[in-house]
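Here the structure is laid out as structure tokens; the discussion comes afterwards.
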């Protein structure tokens with residue numbers, strides 16, 4: 005598939021995602037919003053698979069993963085009650101964060117991805133920010149799911165000096181980012197992932213279950 009066609013497909017998928025968010029903001033249009041989201045995902049995944057030169061084995065693996073995920077999704081959609089939907093969404097959102105972390109590490113460790121100059125700097129920043137946000141999302145969403153399900157106390161955990169601790173963690177992340185971008189070392193990326201994971205837990209524990 006040509007690069008231009010893939011780009012058009014990505015733009016179309018982005019528009020559908022925006023329409024999906026708009027539809028999901030109102031109960032009357034929620035069904036239409038879901039359909040827009042489904043169509044956008046199908047187009048984005050299809051364009052990604054078609055736009056990358058992969059062997060038959062790699063394509064088969066991706067298709068198999070999609071089928072397994074679809075089957076699990078259909079099972080959960082039919083089994084989970086509507087009252088349990090918030091915790092299910094939180095759980096699935098945690099997987100999105102985990103995927104971002106894994107993709108970031110894979111992008112950094114892939115020996116076939118070679119960049120230089122400003123392009124390399126942009127790539128490193130993208131990897132670092134993607135893993136940082138993904139790690140916070142992963143652990144934070146797990147805690148949110150636990151609160152909604154009653155597995156974690158729904159009361160807010162307000163540690164003394166918690167804002168100072170959050171600022172200290174963010175300062176450490178910035179320092180680790182500078183280390184990572186200047187050296188390409190894996191160690192600051194691992195340390196940052198741990199810090200971001202702890203930060204995600206701390207941020208959500210400080211929020212009450214009703215919020």
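In my numbering, the protein residues as written are 5 to 215.
All residues carry an ideal CB built from backbone N, CA and C; glycine is no exception.
The structure presented is a predicted model; accordingly, all values stated were derived computationally and were not measured.
Only residues of its own chain outside the window of five on either side were considered, and among them 181, 184 have a CB closer than 6 Å to the CB of residue 132, listed in chain order.
With respect to the C-alpha of residue 189, the residue from 149, 199, 198, 128 having the closest C-alpha is 128. Check the Cα spacing between residue 173 and each of 152, 163, 156, 198: the tightest is with 198.
In the three-state DSSP reduction, residue 30 falls in the coil class, being neither helix nor strand.
The region 10–19 makes contact with the region 46–53, as at least three CB pairs between them are under 8 Å.
Around the beta-carbon of residue 191, fewer than 16 other beta-carbon atoms lie within 10 Å, marking it exposed. Beyond the five residues adjoining it in sequence on each side, residue 142 comes within less than 6 Å, by CB distance, of 98, 101, 102 in the same chain, given in chain order. For residue 17, the closest alpha carbon among the candidates 35, 46, 27 is that of 46. The DSSP assignment places complete alpha helix (DSSP H) segments of no fewer than 4 residues inside the region 57–141 at 60–83, 89–113, in order along the chain.
Between residue 76 and residue 148, the C-beta gap is not smaller than 8 Å, which leaves the two residues out of contact.
DSSP, reduced to helix, strand and coil, places residue 156 outside both helices and strands of the structure shown, so it counts as coil. Residue burial is scored here from C-beta neighbours: residue 86 has fewer than 16 other C-beta atoms within 10 angstroms and is therefore classed as exposed.
Distance from the CA atom of residue 164 to the CA atom of residue 210, rounded to whole angstroms, is 11 Å.
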